[in-house]
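Position one of the sequence shown corresponds to residue 2 (the numbering used here), numbered consecutively onward. From the three backbone atoms N, C-alpha and C, an ideal C-beta is built for every residue, glycine too.
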Amino acid sequence: MSFWSRYRLDFRELLRLGLPIMIGQLGVVVVGFMDGLMVGRYAMADLAAVSFVNSVFNIPILFGLGFSYGLTPLVGQSAGTGDTNRIGELLKNGLLVNGALGVVMMGIMGALLWQVEHLGQPAELLPLIRPYFALQLVSLPFVMLFNAFKQFADGITDTRMPMYIMVGGNVLNVLLNYILIYGKLGSPALGATGAGIATLLTRVLMPVTFGWVFFYSRRYFRYRPSFRRSRPQRGVLRTLTRMGSWVGLQMGIENGMFSLGGVMIGWLGAVELAAHQVILSVSTLGILLYYGTGAAISVRVSHFFGRNDTAGVRRTVQAGFLLMVAMAVVICGAFLALRPLMGPIFNAPQEVTSIVRVLMLILLTLQVGDVFQVTYANALRGMNDVRAMALSSFVGYFLLGLPLCYLGGFTLHGGIFGIWWGFPVGLMAAGLLMLGRFRRLTRSEHHG
Numbered sequence: 002m003s004f005w006s007r008y009r010l011d012f013r014e015l016l017r018l019g020l021p022i023m024i025g026q027l028g029v030v031v032v033g034f035m036d037g038l039m040v041g042r043y044a045m046a047d048l049a050a051v052s053f054v055n056s057v058f059n060i061p062i063l064f065g066l067g068f069s070y071g072l073t074p075l076v077g078q079s080a081g082t083g084d085t086n087r088i089g090e091l092l093k094n095g096l097l098v099n100g101a102l103g104v105v106m107m108g109i110m111g112a113l114l115w116q117v118e119h120l121g122q123p124a125e126l127l128p129l130i131r132p133y134f135a136l137q138l139v140s141l142p143f144v145m146l147f148n149a150f151k152q153f154a155d156g157i158t159d160t161r162m163p164m165y166i167m168v169g170g171n172v173l174n175v176l177l178n179y180i181l182i183y184g185k186l187g188s189p190a191l192g193a194t195g196a197g198i199a200t201l202l203t204r205v206l207m208p209v210t211f212g213w214v215f216f217y218s219r220r221y222f223r224y225r226p227s228f229r230r231s232r233p234q235r236g237v238l239r240t241l242t243r244m245g246s247w248v249g250l251q252m253g254i255e256n257g258m259f260s261l262g263g264v265m266i267g268w269l270g271a272v273e274l275a276a277h278q279v280i281l282s283v284s285t286l287g288i289l290l291y292y293g294t295g296a297a298i299s300v301r302v303s304h305f306f307g308r309n310d311t312a313g314v315r316r317t318v319q320a321g322f323l324l325m326v327a328m329a330v331v332i333c334g335a336f337l338a339l340r341p342l343m344g345p346i347f348n349a350p351q352e353v354t355s356i357v358r359v360l361m362l363i364l365l366t367l368q369v370g371d372v373f374q375v376t377y378a379n380a381l382r383g384m385n386d387v388r389a390m391a392l393s394s395f396v397g398y399f400l401l402g403l404p405l406c407y408l409g410g411f412t413l414h415g416g417i418f419g420i421w422w423g424f425p426v427g428l429m430a431a432g433l434l435m436l437g438r439f440r441r442l443t444r445s446e447h448h449g
C-alpha cells in the first residue's frame, strides 16, 4: 500500500475528532485572555486579585480535568464493541465520581480560603480576593460534571457537542463580564467580583445545557435507557477513580515541572520571570494543536483496543505521530516568524526582548519532546495503561528534567537559558519511555 492509502482514513478521522477539541480549547484560552484584559481595564488591583486566585485554582482544575480523562478510554472501548448499555452505565458512574471529586476539591479549597490572609498577598487585595475565591470555589463541582459529560461525548466520537457548549459558554462569559465588571444594563460595577459571578454562572449553565441535550434530544437517545436503570457500581467507581487519579497525577507532574522551573526563574529576577511568562504565552499555540490531536489519538486507540485490534492501534498511533510531526513543523515556522515581533506584541522592554529571542530557539526543541510525549501518553491512556504513563512522566520530568534545570541554571551558571534546557530534555525522556512501553504492549498481535 502507498503511504497515503495506508493512513488516509486515520488522518481524516483524527482531524475530524481533534479539530472540535482544538476549537473548544482555543475558546478557553481566548476567554482567559479576555478575563484578564477586561478586569485589567477596570482596575489593576482587581486584576492582581483575579490573577492570584486563578493561579491557585489552576492546580485543582487541571487535576480535575486529568481525573475526568479516565472515563474517555472506557467509553471508547465500549463504543468500539457497540455496547451502548455499558456506555450509559459508565456515564452515570462517571458523573457520580467526578461530581464527588468536585465536592472534595471544594472542601479543600474552602479550607484554604479561611487561611488566605496567610498566603503572603498584600492586605489591600484581600477584600477583592475573598469574594472572587468563594465564587470560584462554588463552581468546582459544576466544572467536574461538565468534564464528565465532555469525556463521555469524546469517547463516542461526538467531539462537536462539547465544542458547541464550550464556545457558547465562553461567549456568554465575555458578555456577562462586560455587564457585571463595568456595571452595564443597570448592574452595579463589581470589578473582580463581577468576573467571578460571570464565571460561576457560565460554569453552572454548561453542564445543565449538556444534561438537557442528553435527556431531551435524539442525539443520545440510545444511551438513556441504561443510564436511567443503572445503579452506582463499586467496581466501576473504583476503576474510574484509579484511572482518573493516575491521569490527573501525570498532568500535575507535567505542569509541576514548568511551575517549579518558573519558581527557579523567579530566583533570578523580575526580567527573567517576565521573559518566561512571554514564552509560556506563545507556546499555547502548540499546546492547543497537540492537545486536540492527542485526545483524538486516545479515542481512536480506545475503539481499536476494545475490539482487540492491535494492528489498528499501531496504525492509528503511527498516523497520529506523523500528524503531530507535520503540526510541529508548522508551529516551528510560526515561532520563527513571530520571533522578531515578540517585543512589540508584548510591549516588553529591551532586556526582556533579548532573552525572549533566545528562548524562542530553545522552544523549537521543546516541540520534539511534545510530539513524542503527547502521542504516546494518549496512546497509553487509550489502552488503560495510565500507571506506566504517570511513572514515565515522573521519571522524565521530576527525576531528570527538574534536576537538569537546576544544574544548568545555577551549578553551571547558565541562568534562565540553563533552566530552560531542562524542559525539552525532560519532555523527550518521558516521551521515549512511553514509546518503549507502547511498543512492549503492542509487540504481539493480541493483547490481554
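Item: Start and end of the alpha helix (DSSP H) containing Gly-95?; Value: 85-115
Item: Can you look up Ala-190 in the DSSP assignment and give me helix, strand or coil?; Value: coil
Item: Just to confirm the assignment: which complete alpha helix (DSSP H) runs, minimum length 4, are found wholly within the region 235-283?; Value: 235-269
Item: Using CA coordinates, which residue listed in Arg-7, Pro-21, Tyr-8 and Ser-6 is at the minimum distance from Ala-297?; Value: Pro-21
Item: On the criterion of 16 or more Cβ atoms from any shown chain inside 10 Å, does Lys-151 qualify as buried, or is it exposed?; Value: buried
Item: My guess is that Val-300 and Val-314 are in contact by the Cβ rule of under 8 Å, so how many angstroms apart are they, rounded?; Value: With 8 Å as the limit, Val-300 and Val-314 do not qualify as a contact, their Cβ atoms being about 12 Å apart.
Item: Please list the segments of the alpha helix (DSSP H) lying wholly inside the region 301-359, counting only runs of 4 or more residues, in order along the chain.; Value: 311-339 and 343-347
Item: Who are the Cβ neighbours of Ile-266 in its own chain at under 7 Å, not counting the five residues just before and after it?; Value: Glu-273, Leu-274, His-277, Ile-417 and Ile-420
Item: Helix, strand or coil for Thr-158? Go by DSSP, reduced to three states.; Value: coil
Item: Could you check if Asn-348 is buried or exposed, using at least 16 other CB atoms within 10 Å of its CB as the buried criterion?; Value: exposed
Item: Any contact between the region 62-72 and the region 245-253? By contact I mean 3 or more CB pairs, one from each, below 8 Å.; Value: yes
Item: Quick one: is Leu-186 buried, meaning 16 or more other Cβ sit within 10 Å of its Cβ, or exposed?; Value: exposed
Item: Between Met-164 and Thr-412, what straight-line distance do the alpha-carbon atoms span, to the nearest angstrom?; Value: 46 Å
Item: Determine the direct distance from the alpha carbon of Leu-92 to that of Asp-84, and round the result to whole angstroms.; Value: 13 Å
Item: Taking only three categories from DSSP, how would you classify Ile-22?; Value: helix
Item: Who are the Cβ neighbours of Gly-287 in its own chain at under 7 Å, not counting the five residues just before and after it?; Value: Ile-332, Gln-368 and Asp-371
Item: From this set, Leu-401, Leu-15, Ser-56 and Phe-322, which residue's C-alpha is nearest Met-258's C-alpha?; Value: Leu-401
Item: With 16 as the cutoff for other CB atoms within 10 Å, does Val-98 come out buried or exposed?; Value: buried
Item: Report yes or no: do the region 206-220 and the region 155-175 share at least 3 C-beta pairs separated by less than 8 Å?; Value: yes
Item: Could you compute how far the alpha carbon of Phe-4 sits from the alpha carbon of Thr-311?; Value: 19 Å
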